[in-house]
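UniProt numbering puts the sequence shown at residues 1 to 239. One structure below.
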Amino acid sequence: MCKDCGCSITHEHDHTLHSNPQLNDKKTLAVIHKILDKNDVEAQHNRDHFAAHHVSAFNLMSSPGSGKTSLLECLHEYLNARYAVIEGDLETSRDADRLKAKGIDAFQIQTGSACHLDAFMVHGALHHINLDDVDICFVENVGNLVCPASYDVGTHKNVVLLSVPEGDDKIEKYPVMFRRADLVVITKSDLLPHFDFSIDEAKAQLSKLNPNVELLVVSVKNPDSMKTLANWFDEHKEY
Numbered sequence: 001m002c003k004d005c006g007c008s009i010t011h012e013h014d015h016t017l018h019s020n021p022q023l024n025d026k027k028t029l030a031v032i033h034k035i036l037d038k039n040d041v042e043a044q045h046n047r048d049h050f051a052a053h054h055v056s057a058f059n060l061m062s063s064p065g066s067g068k069t070s071l072l073e074c075l076h077e078y079l080n081a082r083y084a085v086i087e088g089d090l091e092t093s094r095d096a097d098r099l100k101a102k103g104i105d106a107f108q109i110q111t112g113s114a115c116h117l118d119a120f121m122v123h124g125a126l127h128h129i130n131l132d133d134v135d136i137c138f139v140e141n142v143g144n145l146v147c148p149a150s151y152d153v154g155t156h157k158n159v160v161l162l163s164v165p166e167g168d169d170k171i172e173k174y175p176v177m178f179r180r181a182d183l184v185v186i187t188k189s190d191l192l193p194h195f196d197f198s199i200d201e202a203k204a205q206l207s208k209l210n211p212n213v214e215l216l217v218v219s220v221k222n223p224d225s226m227k228t229l230a231n232w233f234d235e236h237k238e239y
């Protein structure tokens, strides 16, 4: 992806660089590492901010159209907790407007050309959310299965959504995202009869990449599956 923001490298503690001819310049690497290090410091500041308000934070990541906003629209019917949402998109406030129409406190970040949220963007948004009124803050990241995985935004858990129409092969194709996940949610499961998507294959791929990750199969049209998802969030709250 973009060489300037550093999202095309894997940011581990040892700053591992996988093969990428655009990022073999030492000066470029130094700048990227500096950006990521500063982001990590700000991410911890965000976690401290959440802790001060006893708020648990979840980072929702996926490709565009996987159903993140639809899930958040419906979740308030099942979740035994109050929540707010920080929305990330390149343009428009459509997603935040949809949530506000449901009575959910939401703030929209418009990233312009940035393909992910970072900790600094989220920190700015926190000042527009009344954290004293909520138990959970969801960060709905920019729709992208690559870049958001490289940036810690200061949440406590990472949740990755994969919709049935996308195909079960995306787990193997985009491994960094799924390695970072604490929970993987297969969305739009009501479409399983109409697509060549194997839950067993998805589980097998995940077990290779991330043996400890949890997997839930969900449809907003299936109340039982939504209750199970709501219970997961409730059980994994930090406070």
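Glycine included, every Cβ here is placed at the ideal spot set by N, Cα and C.
Asked, Found
"Report the three-state DSSP secondary structure of PHE197 (helix, strand or coil).", "coil"
"Give the DSSP-derived three-state secondary structure of SER56 in the structure shown.", "strand"
"Taking Cβ positions, are ALA43 and ASP152 nearer each other than 8 angstroms?", "yes"
"Report the three-state DSSP secondary structure of SER163 (helix, strand or coil).", "strand"
"What are the start and end residues of each continuous beta strand (DSSP E) run of 3 or more residues lying completely inside the stretch 45-95, in chain order?", "56-61, 83-89"
"If contacts are defined as beta-carbon pairs under 8 angstroms, then THR155 and VAL176 qualify, I think. What distance do you get, rounded to the angstrom?", "So it is not a contact: roughly 17 angstroms between Cβ atoms."
"Please state the DSSP three-state secondary structure of ASN158.", "strand"
"Using 8 angstroms as the limit for Cβ to Cβ distance, is VAL159 near chain B?", "Although the question refers to chain B, the structure presented lacks it and comprises just one protein chain."
"For a test of the three-state rule: what should DSSP assign to GLU238, helix, strand or coil?", "coil"
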